[in-house]
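In my numbering, the protein residues as written are 1 to 321.
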């Protein structure tokens, strides 16, 4: 009997350029571009396998699933799923680790270079005629820097964090990591406790998961510990950074600037203070979204489903909850 596979928010992955055949070949695939909260249960209650990127399944939603055996998360993070409630109902939850490493690391380095060269301001100045009105051949309105010998502090030295570190070292940067535990098996990077870490870093890049201990970890007190010449970059999850505190820090010149690919609310309210903060580059959560990366995500989801259907555990995140 063919399994019913329901993809509740396919448009978050497929922009019209992705091949869903790897998943479609495994059962009866039903796709929805987006799913509103009141549509979640009617669309998924009788599915055997549910694929979701951002559609949430907390205890209330999970309790109403009749046939579901597997929730395949179309992402690495799975904070949108109550994995304990799923386990209690014998529903496995699988994620896709590592698929976005290259794309996220690439945008991280792009942000570092853009901030170091004041790229956005100089691009704007060129297009608005400021360069044309310059009395000399160049402009020096905003400082730029060379990043060799600058210190990059990485928060979350996992798969993506390590790749960012490798790329940064190619530019001659010194790489350090945040120390949040007493000991680590990985000794390939120097780790420092929070205050010392913030005092040392010229750029801080966030690549850690969102959980209770990391929610608003980067806050008013955090910015106060940073160098006034330093920059913060968030490539992980929006709520790790208190963006209202960040907006105030930027307005008050507590730090030099920021670059964010994620926000606490996505998409943001048009009046969100961070959108009008100075020296802040914001992109609409695109770090993971290269075509190659999205196709790899689909392929990996298919492999997770295939393994599950054959009785093999692959990337199951709630097996030991």
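Backbone N, C-alpha and C define an ideal beta-carbon position, used for all residues, glycine too.
Is it a yes or a no for the segment 65-72 touching the segment 47-55, going by three-plus beta-carbon pairs under 8 angstroms? yes
Going by alpha carbons, who is nearest to residue 106 out of 127, 293 and 313? Here residue 106 corresponds to residue number 106 of the chain shown, with the count starting at 1. Cα-wise, what sits closest to residue 106 is 293.
Between residue 72 and the ligand GTP, is the CB less than 7 angstroms from at least one heavy atom? With respect to small molecules bound, the structure shown includes none, and the ligand GTP cannot be examined in it.
Could you please give the first and the last residue of the uninterrupted alpha helix (DSSP H) stretch that includes residue 165? Along the chain shown, one-based indexing puts residue 165 at 165. That run of the alpha helix (DSSP H) goes 159-170.
Which full runs of the beta strand (DSSP E) of 3+ residues lie inside the segment 69-134, going along the chain? Here the runs fully enclosed are 70-73 and 92-94.
How do the segment 253-266 and the segment 217-232 stand: do at least 3 beta-carbon pairs fall below 8 angstroms, yes or no? By the Cβ test, the segment 253-266 is in contact with the segment 217-232, since at least three Cβ pairs between them sit closer than 8 angstroms.
If contact is defined by three or more beta carbon pairs under 8 angstroms, each pair taking one atom from either stretch, is the segment 141-152 in contact with the segment 99-118? Between the segment 99-118 and the segment 141-152, the count of C-beta pairs closer than 8 angstroms reaches three or more; the two stretches touch.
Closest Cα partner of residue 193 within the set 206, 40, 177 and 186: Translated into the one-based positions of the chain shown, residue 193 becomes position 193. Checked all of 206, 40, 177 and 186; the closest Cα to residue 193 is 177.
DSSP-derived helix/strand/coil call for residue 155: Locating residue 155 in the chain shown gives position 155, where the first residue counts as 1. In the three-state scheme derived from DSSP, where H, G and I count as helix and E and B as strand, residue 155 is classed as strand.
Close Cβ partners of residue 336 (< 7 angstroms) along its chain, the five nearest in sequence each way excluded: No statement about residue 336 is possible, as the shown extent of the chain runs from 1 to 321 and does not include it.
Using the Cα positions of residue 285 and residue 8, report the straight-line distance between them to the nearest angstrom. As a first step, residue 285 is located in the chain shown; it is residue number 285 there, counting from the start. As a first step, residue 8 is located in the chain shown; it is residue number 8 there, counting from the start. The straight-line gap from Cα to Cα measures roughly 19 angstroms.
Take every Cβ of the segment 208-224, pair it with every Cβ of the segment 237-253, and state whether three or more of those distances are shorter than 8 angstroms. yes
Secondary structure at residue 149, three-state DSSP: helix, strand or coil? Indexing the chain shown from 1 puts residue 149 at position 149. Note: residue 149 maps to coil in three-state DSSP.
What would DSSP say about residue 29, mapped onto helix, strand or coil? Indexing the chain shown from 1 puts residue 29 at position 29. Strand.
Suppose contacts are defined by Cβ-Cβ distances below 8 angstroms. Is residue 249 in contact with residue 274 by that definition? As a first step, residue 249 must be located in the chain shown, where it is residue number 249. As a first step, residue 274 must be located in the chain shown, where it is residue number 274. Contact flag unset, no.
Roughly how many angstroms lie between the CA atoms of residue 196 and residue 289, to the nearest whole one? Walking along the chain shown from the start, residue 196 turns up at place 196. Walking along the chain shown from the start, residue 289 turns up at place 289. Rounded to whole angstroms, residue 196 to residue 289 spans 34 angstroms at the Cα level.
Residues near residue 242 in its chain [Cβ-Cβ closer than 6 angstroms; skip 5 each side]: Residue numbering aside, residue 242 sits at position 242 when the chain shown is read from its first letter. If you ignore the 5 residues before and after residue 242, its C-beta comes within less than 6 angstroms of the C-beta of 216 and 219, all in its own chain and listed in chain order.
Coarse secondary structure for residue 234, derived from DSSP in three states: Translated into positions along the chain shown, residue 234 becomes position 234. Correct three-state label for residue 234: strand.
For residue 34, I'd like the list of residues in its chain whose CB is within less than 7 angstroms of its CB, leaving aside the five on either flank, ordered along the chain. As a working mapping, residue 34 is identified with position 34 in the chain shown. For residue 34, where only same-chain residues beyond five positions count, the Cβ hits under 7 angstroms are 9 and 11.
Which partner residues does residue 205 have in the DSSP bridge list? Working through the chain shown from its first residue, we reach residue 205 at position 205. In DSSP, residue 205 forms a bridge with 154 and 233.
Starting from residue 198, follow its DSSP beta bridges and name the residues at the other end. Working through the chain shown from its first residue, we reach residue 198 at position 198. For residue 198, which the question treats as bridged, DSSP gives no partner whatsoever.
For a cutoff of 8 angstroms on Cβ pairs, would you count residue 202 as touching chain D? Absent from the structure: chain D. Only one protein chain is present.
What are the uninterrupted segments assigned as beta strand (DSSP E) that are 3 or more residues long and contained completely in the segment 15-69, given in chain order? 28-31 and 49-52
The beta strand (DSSP E) that contains residue 282, what's its start and end? Start at 1 with the first residue of the chain shown, and residue 282 comes out as number 282. From DSSP, the beta strand (DSSP E) with residue 282 extends over 280-282.
Buried or exposed by the 16-neighbour rule on C-beta atoms within 10 Å, applied to residue 62: As a position in the chain shown, residue 62 is number 62, starting the count at 1. Buried.
Can you tell me which of 174, 201 and 29 puts its alpha carbon nearest to the alpha carbon of residue 188? To locate residue 188, count along the chain shown from 1; it is residue 188. Nearest of 174, 201 and 29 to residue 188, Cα basis: 174.
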